[in-house]
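What follows is a single structure, written as structure tokens, with notes after it.
There are 2 protein chains.
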Amino acid sequence: MNPLSVIRVGICGLGTVGQGVWKHLERIRPELESRLGVKLELTRASVRDLKKRRDVKVPASKLTTDSLSIAMDPNVDIVCELIGGTTLARQVTLAALTAGKVVVSANKALISKHGAEIFEAARRHGGHFLFEASVAGGIPIIKALREGLVANRFPLIYGILNGTCNYILTQMEEQDAPYTAVLGEAKRLGYAEADEALDVQGWDTAHKAAVLTFLAHGTWVKPEQMIVEGIDRITPIDFKNASALGYGIKLLAVIARDFDTDELSVRVHPTLLPESHVVAKVSGVFNAVSVRGDVAGTTLYIGRGAGQDATASAVISDLVDAISLLKNDRRAFITARKASAPARPVRACRLAPSEHIRGRYYLRMTVSDEPGVLAQIAAAMAAKNVSIASVIQSAQEPAGAASLVLTTHQSDERAIQATLSRLARLRCVLERPLLLRIGDFAD
Amino acid sequence: MNPLSVIRVGICGLGTVGQGVWKHLERIRPELESRLGVKLELTRASVRDLKKRRDVKVPASKLTTDSLSIAMDPNVDIVCELIGGTTLARQVTLAALTAGKVVVSANKALISKHGAEIFEAARRHGGHFLFEASVAGGIPIIKALREGLVANRFPLIYGILNGTCNYILTQMEEQDAPYTAVLGEAKRLGYAEADEALDVQGWDTAHKAAVLTFLAHGTWVKPEQMIVEGIDRITPIDFKNASALGYGIKLLAVIARDFDTDELSVRVHPTLLPESHVVAKVSGVFNAVSVRGDVAGTTLYIGRGAGQDATASAVISDLVDAISLLKNDRRAFITARKASAPARPVRACRLAPSEHIRGRYYLRMTVSDEPGVLAQIAAAMAAKNVSIASVIQSAQEPAGAASLVLTTHQSDERAIQATLSRLARLRCVLERPLLLRIGDFAD
Numbered sequence: 001m002n003p004l005s006v007i008r009v010g011i012c013g014l015g016t017v018g019q020g021v022w023k024h025l026e027r028i029r030p031e032l033e034s035r036l037g038v039k040l041e042l043t044r045a046s047v048r049d050l051k052k053r054r055d056v057k058v059p060a061s062k063l064t065t066d067s068l069s070i071a072m073d074p075n076v077d078i079v080c081e082l083i084g085g086t087t088l089a090r091q092v093t094l095a096a097l098t099a100g101k102v103v104v105s106a107n108k109a110l111i112s113k114h115g116a117e118i119f120e121a122a123r124r125h126g127g128h129f130l131f132e133a134s135v136a137g138g139i140p141i142i143k144a145l146r147e148g149l150v151a152n153r154f155p156l157i158y159g160i161l162n163g164t165c166n167y168i169l170t171q172m173e174e175q176d177a178p179y180t181a182v183l184g185e186a187k188r189l190g191y192a193e194a195d196e197a198l199d200v201q202g203w204d205t206a207h208k209a210a211v212l213t214f215l216a217h218g219t220w221v222k223p224e225q226m227i228v229e230g231i232d233r234i235t236p237i238d239f240k241n242a243s244a245l246g247y248g249i250k251l252l253a254v255i256a257r258d259f260d261t262d263e264l265s266v267r268v269h270p271t272l273l274p275e276s277h278v279v280a281k282v283s284g285v286f287n288a289v290s291v292r293g294d295v296a297g298t299t300l301y302i303g304r305g306a307g308q309d310a311t312a313s314a315v316i317s318d319l320v321d322a323i324s325l326l327k328n329d330r331r332a333f334i335t336a337r338k339a340s341a342p343a344r345p346v347r348a349c350r351l352a353p354s355e356h357i358r359g360r361y362y363l364r365m366t367v368s369d370e371p372g373v374l375a376q377i378a379a380a381m382a383a384k385n386v387s388i389a390s391v392i393q394s395a396q397e398p399a400g401a402a403s404l405v406l407t408t409h410q411s412d413e414r415a416i417q418a419t420l421s422r423l424a425r426l427r428c429v430l431e432r433p434l435l436l437r438i439g440d441f442a443d
Numbered sequence: 444m445n446p447l448s449v450i451r452v453g454i455c456g457l458g459t460v461g462q463g464v465w466k467h468l469e470r471i472r473p474e475l476e477s478r479l480g481v482k483l484e485l486t487r488a489s490v491r492d493l494k495k496r497r498d499v500k501v502p503a504s505k506l507t508t509d510s511l512s513i514a515m516d517p518n519v520d521i522v523c524e525l526i527g528g529t530t531l532a533r534q535v536t537l538a539a540l541t542a543g544k545v546v547v548s549a550n551k552a553l554i555s556k557h558g559a560e561i562f563e564a565a566r567r568h569g570g571h572f573l574f575e576a577s578v579a580g581g582i583p584i585i586k587a588l589r590e591g592l593v594a595n596r597f598p599l600i601y602g603i604l605n606g607t608c609n610y611i612l613t614q615m616e617e618q619d620a621p622y623t624a625v626l627g628e629a630k631r632l633g634y635a636e637a638d639e640a641l642d643v644q645g646w647d648t649a650h651k652a653a654v655l656t657f658l659a660h661g662t663w664v665k666p667e668q669m670i671v672e673g674i675d676r677i678t679p680i681d682f683k684n685a686s687a688l689g690y691g692i693k694l695l696a697v698i699a700r701d702f703d704t705d706e707l708s709v710r711v712h713p714t715l716l717p718e719s720h721v722v723a724k725v726s727g728v729f730n731a732v733s734v735r736g737d738v739a740g741t742t743l744y745i746g747r748g749a750g751q752d753a754t755a756s757a758v759i760s761d762l763v764d765a766i767s768l769l770k771n772d773r774r775a776f777i778t779a780r781k782a783s784a785p786a787r788p789v790r791a792c793r794l795a796p797s798e799h800i801r802g803r804y805y806l807r808m809t810v811s812d813e814p815g816v817l818a819q820i821a822a823a824m825a826a827k828n829v830s831i832a833s834v835i836q837s838a839q840e841p842a843g844a845a846s847l848v849l850t851t852h853q854s855d856e857r858a859i860q861a862t863l864s865r866l867a868r869l870r871c872v873l874e875r876p877l878l879l880r881i882g883d884f885a886d
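Protein chains in written order, with this note's numbering: chain A, 1 to 443; chain B, 444 to 886.
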């Protein structure tokens, strides 16, 4: 018997996603086996606590607390790394790739931090690293970028990549409720983690943006090199102001490349999107990714970005691809393609300097309610060549303070940051202004 | 030198799409070659008229008027069938598959009519048939269904699959203009064919629905077995009525399967969609496909459904897959998977009888404006157990006639068709009522 007629899968990490994979894989195994012409064996799974009760029934003989032993087990062909974090997950991933195995991962933090090392290990040892589940859950966006849109270059990719933030923003808007109240409710419902920082400060979105950037442009951009701003300073007032201006507010990742200059910008920030824009309608825990291809035009992908089942769907899609990799010649083309290639071979690109990242801006600040304030602020902005497009001023508690909302004409990140510094130094500006970007996406 | 280190592509049909493929492939060939590790050769192309001026420069020595000679040429590995129609296109496709070649096709009419024969020929002779471009142009929906969502069964797929119809409906709504005027304008702009019947009567959408049905459910449903209704009887009045009820109107394909009974229904009809529904916002020539998966939940795909570039993007994606097929062992798993498999191995299913196709309906009829008419109509509907949910009555030209719009509660196709027959026999109903379906899609 050809040893590859049995494919042996090990699952490292039997948390929510791991159990989902186990559950659905067991359910559809007979169908997959008949279609793929292999026997599929769930060989081993690693857990932190052997005694914990789980929703899926895994024979005790298959359980271990030693994830690394699965990664190095010669009786395992495919390792699903569903541990999370970047320490043990990295060790497990590198060990499995070094052993020439296929690793399937949902771990965007790991890829963002150690992607270059991981893909190099895969290349060097003939392993494969698949990661459909790392971005946008049940939406097959990795496959779309890498295979379906292979003829395209990608001048612009943007989208909602974090369901927790989108849920919070949707609730704040619909219920006119403050951030902290909605966050608390989201935690109670399990839509937000106990430690929400990674999500609401934009870092999780940045990790996913890094993965998409690598796929689209073949380069690794660290979150620290991006503009990353979260949603935690947005208030119900901002939704009212945005609405008065004809916008909704979404936390977007934006990956833009100018193919004339080969300058790339990657950023994560709350964005005012025209209410008529389809992405502005994507609410709750849903994700959306808009991909502008230079051949296909813009395609848009919407679906559940997280959760046990959506993530398991993506992991299983990778598992099926992994099986076809194992059944084919490891030296064949598809190897190189799956294991390490970005969407297309790409010219080198570099990060755009901040003065080349252009856009329009929304600024909300609390100012002292006294004569001459608007003049001082307008002068500070004019000094940095930032031109004001609209002003909304309203009284605000406590008495003596006013809320001032300005939108700007086209400016750039360098000018607006310089303006923010200047504004913060004005005595009449009572707290750090909130800066939101206006999303001028034609499609 | 391994003969597969040069991949030779023949293009049958150098019309709009064929020229697009040639143009983009020539442009990105160096990148693709370096990535795929092959030399890619555009070997031959067939045309109807050798002397016609074309936008792409093809050496005269590569041109032929004999498409079949390309299909049978031992020096061609991949045949792009972009001829259109179902006669020569079928001959070319079968000849190439019989010769063990890979055929890439954008021809939904061909697949809908001869799919079973084509896939059988591919299976028998070790050929491959790829058809990403046949549905929804630049959106990689075939790949999503077959690979990205492989873990899923599909209880519901619906969407806008014909850009011409969506353009016409959008224009009718936005400009409050009658069908014939908008159609004429669409023809002038090149958005509609000289013979518009295939598009506006729903048959093109039905062909695409047949392709999606095969992918999702492994069965071929002929357009004649579907409910197929077009957009040519819709009037600006219907948009006003729909809007008053909170709906827009879209021509949808709907593929629904009940996995308890394994009954399948495939239908194409103008559909009232709630204005808040994301698909209702998809306007102009764009397509949208909503896919409910039992694991991933609902994912939605939006993009350009036709046009030279969007279609070329899909054809080139298939070409790249074809190259990987040719570089791998032809007997390997991926062969079977790509060549003939539906999205998943599927249980047999059968077409649902019309009484099991349930829904709510919108009926507009012109009636004589006289006492007792509503009573007669209500009685006719009650006799078929169709329950009225709302009524809009308005005066209409010529004098003596009135427009009556009814919506129903849940009913079924059998009851509503019987009701239509009964209504048509009433003297007070002056012309065949227009029937639209109400789309109650939760997501």
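Here a beta-carbon is modelled for each residue, glycine too, at the ideal position from N, C-alpha and C.
These numbers come from a predicted model, not from an experiment.
Nearest in C-alpha terms to A:K52, of all of A:A177, A:T64 and A:A253, is A:T64. At a cut-off of 7 Å between beta carbons, A:R257 makes no contact with chain B. Listed by position along chain A, the residues whose Cβ is nearer than 7 Å to that of B:L743 are I302 and G303.
Residues A415, A418 and T419 of the same chain have their beta carbon placed closer than 6 Å to that of A:K384, with the five preceding and five following residues left out of the count. In this structure A:E397 is exposed. Its beta-carbon is surrounded by fewer than 16 other beta-carbon atoms within 10 angstroms. Secondary structure of B:T809 (DSSP, three-state): strand. For A:Y179, the uninterrupted alpha helix (DSSP H) run begins and ends at Y179 to R188, by DSSP.
According to DSSP, B:F729 shares a beta bridge with B:R747.
Residues R533 of the same chain have their beta carbon placed closer than 6 Å to that of B:H557, with the five preceding and five following residues left out of the count. For A:I357 and A:N152, the gap between their C-alpha atoms comes out near 23 Å. Between A:A424 and A:R437, the C-beta gap is not smaller than 7 Å, which leaves the two residues out of contact. In the structure shown, A:V200 adopts helical secondary structure according to DSSP, grouped into three states. A:F119: not part of any beta strand (DSSP E); member of the alpha helix (DSSP H) spanning K108 to H125, first to last residue. Residue environment for A:R48: exposed (fewer than 16 other C-beta atoms within 10 angstroms of its C-beta). Here B:H571 is buried. Its C-beta has 16 or more other C-beta atoms within 10 Å.
Proximity of B:A637 to chain A, defined by a Cβ-Cβ separation below 7 Å, is not satisfied.
Here DSSP, grouped into helix, strand and coil, assigns A:G18 to helix. Judged by DSSP in its simplified three-state form, A:T213 adopts helix. Rounded to the nearest whole angstrom, the CA to CA distance from A:G284 to A:G307 is 13 Å. The bridge partners DSSP lists for B:T741 are B:R735. Under the Cβ criterion (8 Å, minimum of three pairs), the stretch 628-636 of chain B does not count as touching the stretch 671-681 of chain B. Think of a sphere of 7 Å around the beta carbon of A:I139: the chain B residues whose beta carbon falls inside it are T742, in chain order.
Under a criterion of Cβ atoms nearer than 8 Å, no residue of chain A is adjacent to B:D520; the nearest Cβ is some 14 Å distant. Rounded to whole angstroms, the Cβ separation of A:L251 and A:N107 is 21 Å, and the two are not in contact under 8 Å. Using a Cβ-Cβ distance cut-off of 8 Å, the stretch 603-617 of chain B and the stretch 717-736 of chain B are in contact, since at least three pairs of beta carbons, one from each stretch, lie closer than that value. Taking one beta carbon from each stretch, the stretch 750-764 of chain B and the stretch 581-594 of chain B have 3 or more pairs nearer than 8 Å; the two touch. Put simply, the CB of A:S112 is far from chain B, with every gap to its CB atoms at 7 Å or more. Going by DSSP, A:A89 is part of the alpha helix (DSSP H) stretching over L88 to T98. Put simply, the backbone Cα of A:Q225 is about 11 Å away from that of A:S354. Relative to A:I157, the option among A:R304, A:A379, A:I11 and A:T299 whose CA is nearest is A:T299.
Proximity of chain B to A:A310 at the Cβ level (cut-off 7 Å) is accounted for by A739 and G740, in chain order.
Assignment of B:S719 by DSSP, reduced to helix, strand and coil, places it in the coil class. The beta-carbon of A:I316 is placed less than 7 Å from the nearest beta-carbon of chain B. Using a CB distance cut-off of 7 Å, B:K693 does not count as an interface residue toward chain A. For B:C523, there is no enclosing alpha helix (DSSP H); the enclosing beta strand (DSSP E) covers residues I521 to E524. Residue nearest to A:G100 within the set A:S112, A:E120 and A:D204 is A:E120 (criterion: CA-CA distance).
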